[in-house]
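Under our numbering, the letters of the sequence shown match residues 36 to 653, in that order.
As structure tokens, the structure follows; a few thoughts come after it.
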Amino acid sequence: MVTTNSKLNAVINAPKLPPTPVPTNPSNQRLWEINHQRRLDFIKDPRLIYPWWSRCTVRVLLVTDGGLDFGQGDFGLSTLVDILQNDAPSRVNFALSLAHLRSDVGDAAVKVGAPGIVKSIKGFRFDEHTHFSPADYDEVWLFGVETNFYFSSYSHRNSNRGQYPANSLSNNELIKIDEFMRLGGGVFATGDHGSLGAGLCGNVARVRSMRHWSSFFQPGSGEDEVSMTGPKRNDTNLVGSDTGTQFSDQSDDIPQIIQPKLYRTRLGRYTQATYPHPLLCGKNGIINVLPDHPHEGECRVPDDLLVQYIDGSNEYPEAKIGGFRVAPEIIATGHVPAGNRADKNGSKQATVAHSFPIISAYDGHLAGIGRISCDSTWHHFINVNLIGVVEGGGFDQFDMLNGDFHAGEDASKHNGFLSSASGMAALNRIKNYFTNIGVWLAPETLQTCFNRKVWWELIYSDRIMEAALTDPAVAFEKIPTNVFYSIGVHARDVFGKRVSQCQSLIFILDWLPRVFPELIPWIDPWDPLIDLTRELQPRVPLFDPSALAAITLGAAIVSLRQEFPYPPQKITEDLHRQAEKILLKGGRRGAKLALDELEQSFNIAKTWLTKGEIKPAE
């Protein structure tokens with residue numbers, strides 16, 4: 036069954052009123068209501084406030100099976116859906132379609148008719164053209180539970196066993212997904228402990244080797260590393276506000292702490308900048324928290340990249356430049372505390388403290404295909420781990436007497452991260468992770484679209500121009516180099532606070548090769564080819580390449596602002612092309628100024644030495 040919302044994103048769910056007290060003064064109350072409506076209008080459609088504003092639409096298909104759905108229950112993904120709809124970066128619109136492999140789920144399970152949902156599909160199959168075509172979507176997110184599809188809830192699969200296997204998607208479906216990725220589409224995939232999710236995800240190209248989709252044992256160990264009850268299980272629950280470890284600690288306002296991998300720029304051993312992977316780079320710093328859970332799965336990286344897929348193709352193709360095979364990597368690690376027993380009764384064995392890979396990522400764009408990210412568990416994304424247990428529902432373990440909680444039970448577990456200021460701070464980072472997935476997985480054409488939008492946001496940011504250049508009509512030649520530098524630094528900061536410092540660097544890395552390519556090896560922390568070829572004994576850096584990049588960026592922004600001092604009513608494709616030419620010209624002029632400034636600095640240093648003001652050591 037396929038249901039299409041007739042309005043197709045015409046309306047976005049309105050957020051709740053902010054927790055600001057409503058003024059009692061009638062005049063101020065009226066202004067407060069006007070201001071709140073302005074916020075809602077901007078979320079719904081930024082063009083209602085800024086006619087020139089536009090967004091890049093990312094078409095996302097979310098697919099699940101088993102007992103998960105997109106409803107409001109404890110094991111629902113409605114919170115994730117709401118976050119993608121309402122918390123996307125300003126230049127991005129996620130157009131969501133929701134699909135369930137079961138044919139017997141209700142309308143609420145796939146949000147039939149809900150505002151902003153493009154399609155709602157029951158009994159979903161990747162080889163049914165009305166359900167899926169590689170050209171229809173930019174990303175596919177997979178939340179797998181099942182290990183067997185041979186029962187009545189999967190009516191078509193169960194009735195056509197010759198075409199559909201019991202414990203996997205069919206070969207035709209798997210080849211369709213691989214075709215989608217070969218065209219640049221991105222894939223996110225997750226399951227839970229043991230084999231949960233293997234049916235939907237366990238044989239998908241590259242995904243199959245980026246996460247464990249069944250139980251496994253380390254050499255010499257008799258313990259299942261992804262079990263539900265064993266001592267080596269991935270139990271990330273931290274002790275909550277009540278006594279001891281509880282299974283329901285997964286629903287409180289205390290997150291687990293993860294350790295993101297840090298990447299460094301190639302400035303040598305003395306000077307370097309460090310960044311996490313873009314998936315974990317947030318508006319407010321590194322994203323180092325996730326919801327916790329008593330038995331997570333585990334990510335991994337493949338042992339062998341020289342493998343063929345079911346259609347005979349190279350599963351891991353060579354990079355477009357450099358001839359090496361791009362490998363997936365572990366970008367974050369989770370930690371298991373010692374002695375967790377899951378609940379007061381000790382229903383699980385006490386955990387042995389250990390760490391495990393919690394998120395993996397594959398930058399397929401380097402090889403001309405789609406990107407992939409895998410997560411250890413869908414418990415990081417579902418309602419019960421984000422906004423708490425439904426009070427009085429099936430998963431509510433609280434012991435109530437006369438409406439009061441008994442000692443040792445904390446009310447935060449009914450509201451999750453919404454229970455406290457610290458919880459909401461953690462939730463903000465987690466939401467940033469969700470939207471980062473949607474941005475990072477998007478195909479290369481959309482990455483270009485994202486970056487195009489940034490320039491227009493930057494040139495009309497009052498902070499940038501008012502802080503450094505009040506008159507856009509001043510001749511370019513009369514602007515001091517330090518002003519370009521200041522504008523470039525402000526631009527990075529403004530954009531970084533909107534999205535993340537990583538995204539502001541990615542924005543520069545997308546544009547700078549056409550203007551000042553020599554800087555890229557110095558400032559790109561993520562390119563594996565640069566990492567493979569950098570010097571083993573780097574020289575001491577005597578200049579700051581980030582300053583050269585800031586001058587180049589600032590000069591480009593000034594050039595564009597001078598050409599378009601006031602926002603147009605609408606930014607057309609023709610204006611984008613004009614802007615690209617102006618930015619290239621301005622950026623190249625800025626690069627020359629930056630190099631001239633660098634040369635003058637070195638000449639000053641040489642003068643010091645010649646005059647004997649600084650004597651070389653004898």
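Glycine included, every Cβ here is placed at the ideal spot set by N, Cα and C.
Alpha carbon to alpha carbon, what distance is there between residue j and residue i?
i      : j      : result
Val30  : Ile322 : It is not possible to answer for residue 30, since the shown part of the chain is limited to 36 through 653.
Ile156 : Ser457 : 37 Å
Arg82  : Ala584 : 32 Å
Lys79  : Pro266 : 48 Å
Pro556 : Cys316 : 21 Å
Leu609 : Lys616 : In the sequence as presented, Leu is not what sits at residue 609; that position holds Asp. Taking the straight line joining both Cα atoms gives about 11 Å.
Phe77  : Tyr85  : 9 Å
Val419 : Gly111 : 8 Å
His370 : Gln294 : 8 Å
Thr642 : Leu633 : 14 Å
Gln281 : Arg376 : 8 Å
Gly279 : Gly108 : 27 Å
Pro580 : Ile522 : 16 Å
Gly332 : Phe251 : 11 Å
Leu340 : Met245 : 11 Å
Phe167 : Gly232 : 20 Å
Val671 : Ser496 : Past the boundaries of the shown model lies residue 671; the chain is included only from 36 to 653, so the question cannot be answered.
Leu421 : Trp475 : 22 Å
Ala388 : Asn193 : 42 Å
Lys488 : Pro372 : 44 Å
Lys466 : Pro61  : 36 Å
Quick one: what does DSSP say residue i is sitting in, helix, strand or coil?
i      : result
Phe637 : helix
Tyr298 : strand
Thr99  : strand
Ala170 : helix
Ala233 : helix
Thr642 : helix
Ala144 : helix
Gln291 : strand
Phe452 : helix
Gln253 : coil
Phe469 : helix
Ser155 : strand
Pro50  : Reliability fails at Pro50, whose pLDDT of 36 lies under 50, so the model's placement of it is uncertain and the value that follows must be treated cautiously. Note: Pro50 maps to coil in three-state DSSP.
Gln604 : coil
Thr417 : A small correction: the amino acid at residue 417 is Ile; Thr does not occupy that position in the sequence shown. Reduced to three states, the DSSP call for Ile417 is coil.
Gly523 : helix
Thr59  : coil
Pro200 : coil
Name the DSSP beta bridge partners of residue i, please?
i      : result
Ala396 : Glu364, Ser408
Glu353 : Arg360
Glu331 : Asn269
Thr225 : Phe178, Asp410
Thr92  : Asn128
Phe391 : Gly369
His135 : Thr99, Lys157
Leu119 : DSSP, once it has assigned bridges, lists no residue as partnering Leu119.
Val324 : Ile292
Asp104 : Gly111
Gly531 : Paired residues: none, contrary to the question.
Thr278 : Bridge partners of Thr278: none, in fact.
Gln343 : Asn349
Gly317 : Gly320
For residue i, which residues in the same chain have their Cβ closer than 7 Å to its Cβ, ignoring the five residues on either side in sequence?
i      : result
Gly423 : Ser286, Lys448, His449, Asn450, Gly451
Lys620 : Ser594
Ile606 : Trp87, Ser89, Trp491
Arg549 : Leu619
Asn206 : Ile345
Which same chain residues end up closer than 6 Å to residue i when comparing Cβ atoms and leaving out the 5 residues on each side of it in sequence?
i      : result
Ala130 : Asn44, Thr92, Arg94, Val153
Pro169 : Glu214, Phe215, Leu218
Ser230 : Thr182, Ser249
Ile210 : Asp346
Ser188 : Arg137, Asp139
Please confirm whether any heavy atom of the ligand FMN lies closer than 7 Å to the CB of residue i.
i      : result
Ser168 : The model depicted lacks the ligand FMN and carries no ligand whatsoever.
With a CB to CB cut of under 8 Å and the five nearest residues on each side skipped, what residues in its chain are close to residue i?
i      : result
Lys146 : Phe105, Gly106, Ser113, Val116, Leu133, Ile152, Ser155
Tyr520 : Ala582, Ala585, Ile586, Gly589
Thr480 : Gly219
Problem - Stretch-stretch touch, CB-based, cutoff 8 Å, three pairs: the segment 82-98 with the segment 120-133 - result: Contact between the segment 82-98 and the segment 120-133 is present, because at least three Cβ pairs lie under 8 Å.
Handout entry: Three CB pairs or more closer than 8 Å across the segment 346-353 and the segment 274-291
Key = Judged by Cβ distances under 8 Å, the segment 346-353 makes no contact with the segment 274-291, as fewer than three pairs qualify.
Exercise for the section: Determine contact between the segment 107-126 and the segment 153-167, defined as no fewer than three beta-carbon pairs at a distance below 8 Å. Expected result: Three or more beta-carbon pairs separated by less than 8 Å are not found between the segment 107-126 and the segment 153-167, which leaves the two stretches without contact.
Exercise for the section: Flag this pair as touching only if the segment 248-265 and the segment 356-367 have three or more C-beta atom pairs under 8 Å; answer yes or no. Expected result: The segment 248-265 vs the segment 356-367: no contact.
Practice task
Examine the Cβ distances between the segment 192-209 and the segment 381-390 and report whether three or more of them are shorter than 8 Å.
Solution key: Contact fails: fewer than three Cβ-Cβ distances are below 8 Å.
Handout entry: Cβ contact check for the segment 389-409 and the segment 475-492: 3 or more pairs under 8 Å
Key = Flag = yes, the segment 389-409 and the segment 475-492 touch.
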